[in-house]
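Structure record follows, encoded as structure tokens.
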Amino acid sequence: MSEIHREEFLGRLELFGLGDTSSDRVDPPFPRFPNEEPKSPVFKTFPQSATLQEGESVSFNCETEKVPLKVTWLKDGKPVDETSSKYQFVQDGKKKFKFEITNCNSLDVGQYTAKAVGKKGETTAAFSLNVCPTGEL
Numbered sequence: 000m001s002e003i004h005r006e007e008f009l010g011r012l013e014l015f016g017l018g019d020t021s022s023d024r025v026d027p028p029f030p031r032f033p034n035e036e037p038k039s040p041v042f043k044t045f046p047q048s049a050t051l052q053e054g055e056s057v058s059f060n061c062e063t064e065k066v067p068l069k070v071t072w073l074k075d076g077k078p079v080d081e082t083s084s085k086y087q088f089v090q091d092g093k094k095k096f097k098f099e100i101t102n103c104n105s106l107d108v109g110q111y112t113a114k115a116v117g118k119k120g121e122t123t124a125a126f127s128l129n130v131c132p133t134g135e136l
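Our numbering puts the first residue of the sequence shown at 0, with every later residue one more than the last.
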């Protein structure tokens, strides 16, 4: 009897506008075998990167296919301060999540991540925010 093995994929991640590329092994975003459940939550919609002017506000939205245990937001790899009035975290139903930043400035520029945690693991969606001085966009 032959054995069935899960394929490994070598993916390439490009951070546009930053000139940085790296490679890492990634699981496919879909089950590889019939009736196989994903190991971690799956994003149905992803937050989109944004470029805006200083002083503007921005919202980042995502949705998961199934209800995650929790969704957290990170900036440059560190958790966003959930106690700051600058940020708002909204959950619409059980699978839709929104992260809002008000009155953006140069300190808000960076790489952000939405992290969905489930019973079998976690998955992330990366996006960026660029803030231009007033009148330069």
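Just so you know, even glycine gets a beta-carbon here, dropped at the ideal spot from N, CA and C.
Next on the checklist: Please state whether the Cβ-Cβ distance between VAL79 and TRP72 is less than 8 Å.
Outcome noted: At the C-beta level, VAL79 and TRP72 come within 8 Å of one another.
Item to check | Member of ALA49, PRO33, VAL57 whose CA lies at the smallest distance from the CA of GLU99 | outcome: Nearest neighbour of GLU99 by Cα position, chosen from ALA49, PRO33, VAL57, turns out to be VAL57.
Checklist entry - Applying the criterion that 16 or more other CB atoms from any shown protein chain within 10 Å of the CB defines a buried residue, is PRO46 buried or exposed? => result Buried, since its Cβ has 16 or more Cβ neighbours within 10 Å.
Next on the checklist: Using the Cβ count rule (16 or more neighbours within 10 Å means buried), how would you classify LYS74?
Outcome noted: Residue environment: LYS74 is assigned as buried (16 or more neighbouring CB atoms within 10 Å of its CB, all protein chains considered).
Checklist entry - From LEU51 to THR63, what distance separates their C-alpha atoms? => result Cα to Cα, the separation comes out at about 26 Å.
Checklist entry - Would you call the CB atoms of PRO40 and THR122 closer than 8 Å? => result Closer than 8 Å, so yes.
Checklist entry - DSSP puts LEU128 in a beta bridge; with which residues? => result Partner(s): ALA49, GLY109.
Next on the checklist: Checking 8 Å against the spacing of the C-beta atoms, do LYS85 and ASP91 come in under that value?
Outcome noted: No, the Cβ-Cβ distance between LYS85 and ASP91 is not below 8 Å.
Checklist entry - According to the Cβ coordinates, are ALA49 and LEU128 closer than 8 Å? => result In this structure, LEU128 lies closer than 8 Å to ALA49 by Cβ.
Checklist entry - Secondary structure at SER58, three-state DSSP: helix, strand or coil? => result Three-state DSSP puts SER58 in a strand.
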